[in-house]
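Using this note's numbering, the letters of the sequence shown correspond one by one to residues 25 to 164. Down below is the structure, laid out as structure tokens.
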Amino acid sequence: MELPPFHAAIVVHDLDASRSFYGGLLGCQEGRCSDGWVDFNLYGHQLVCHLDSSTEAGRHQTSPVDGEDVPVPHFGVVLSMHEWQQLAKRLRRRQTQFVIDPGIRFVGEAGEQATLFIADPSGNVLEFKAFSDPENLFAS
């Protein structure tokens with residue numbers, strides 16, 4: 025199933041730190057930019073980081089999901105299982121601090137998926153996931 029790319033705009037507190045995180049750690053290609061924002065190609069999706077150094081780093085509530093306290097809000101990308109495994113391996117090699125460690129949730133259910141959560145330097149939480157069966161993306 026081919027889906028159109030999404031566009032997300034988030035607040036960050038430091039564009040250089042955002043460039044290091046999104047460009048350096050995650051390997052996202054940088055696109056257009058100005059003194060107040062920079063956009064990235066996040067797995068084919070447009071992510072725009074808007075500078076606002078006047079706000080505090082993100083504080084999150086959590087929601088219990090399959091035994092984990094999942095931070096809300098969060099955003100992310102659904103990858104193929106191979107891409108997810110490569111990303112998890114790269115993040116572990118770089119000794120990335122995980123908000124929720126890489127793992128499999130809903131084992132044996134229609135929605136079985138690999139997930140990991142990380143936070144950018146401004147506290148924005150990202151989830152990367154992959155489904156055992158990609159056809160179950162919206163399975164109930």
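Built from N, CA and C at the ideal position, the CB exists for glycine as well.
Close Cβ partners of residue i (< 6 Å) along its chain, the five nearest in sequence each way excluded
| i | result |
| --- | --- |
| arginine 1 | Residue numbering for the chain in the displayed model covers 25 to 164; residue 1 lies beyond these limits and cannot be assessed. |
Test item: CB-CB of residue i and residue j under 9 Å
| i | j | result |
| --- | --- | --- |
| histidine 74 | phenylalanine 141 | no |
| tyrosine 46 | leucine 71 | yes |
| alanine 41 | leucine 103 | no |
| alanine 163 | alanine 143 | no |
| aspartate 76 | valine 123 | no |
| proline 126 | glycine 68 | no |
| serine 78 | proline 145 | no |
Assumed close pair residue i, residue j - CB separation to whole angstroms, cut-off 8 Å
| i | j | result |
| --- | --- | --- |
| alanine 138 | isoleucine 128 | 5 Å |
| leucine 49 | arginine 116 | Their Cβ separation, rounded to whole angstroms, is 12 Å, which puts leucine 49 and arginine 116 out of contact at 8 Å. |
Member of the options whose CA lies at the smallest distance from the CA of residue i
| i | options | result |
| --- | --- | --- |
| leucine 66 | Ser58, Leu39, Ala32 and Ser87 | Ala32 |
| arginine 114 | Arg43, Asp90 and Gly51 | Gly51 |
| leucine 150 | Val94, Phe130, Leu161 and Pro29 | Val94 |
| serine 58 | Gly48, Ser44, Leu39 and Leu49 | Leu39 |
| phenylalanine 130 | Arg118, Glu92, Trp61 and Thr120 | Glu92 |
| tryptophan 61 | Gln53, Ile34 and Arg116 | Ile34 |
| aspartate 157 | Gln121, Met105 and Val89 | Met105 |
Proximal residues to residue i (C-beta, below 7 Å), its chain only, five neighbours per side dropped
| i | result |
| --- | --- |
| valine 101 | Leu66, Tyr67, His69 and Phe152 |
| glutamine 85 | Val96 |
| asparagine 160 | Ala134 and Gly135 |
| serine 87 | Val94 and Val96 |
Other residues of its chain near residue i: CB distance less than 8 Å, five sequence neighbours each side excluded
| i | result |
| --- | --- |
| aspartate 90 | Arg129 and Phe130 |
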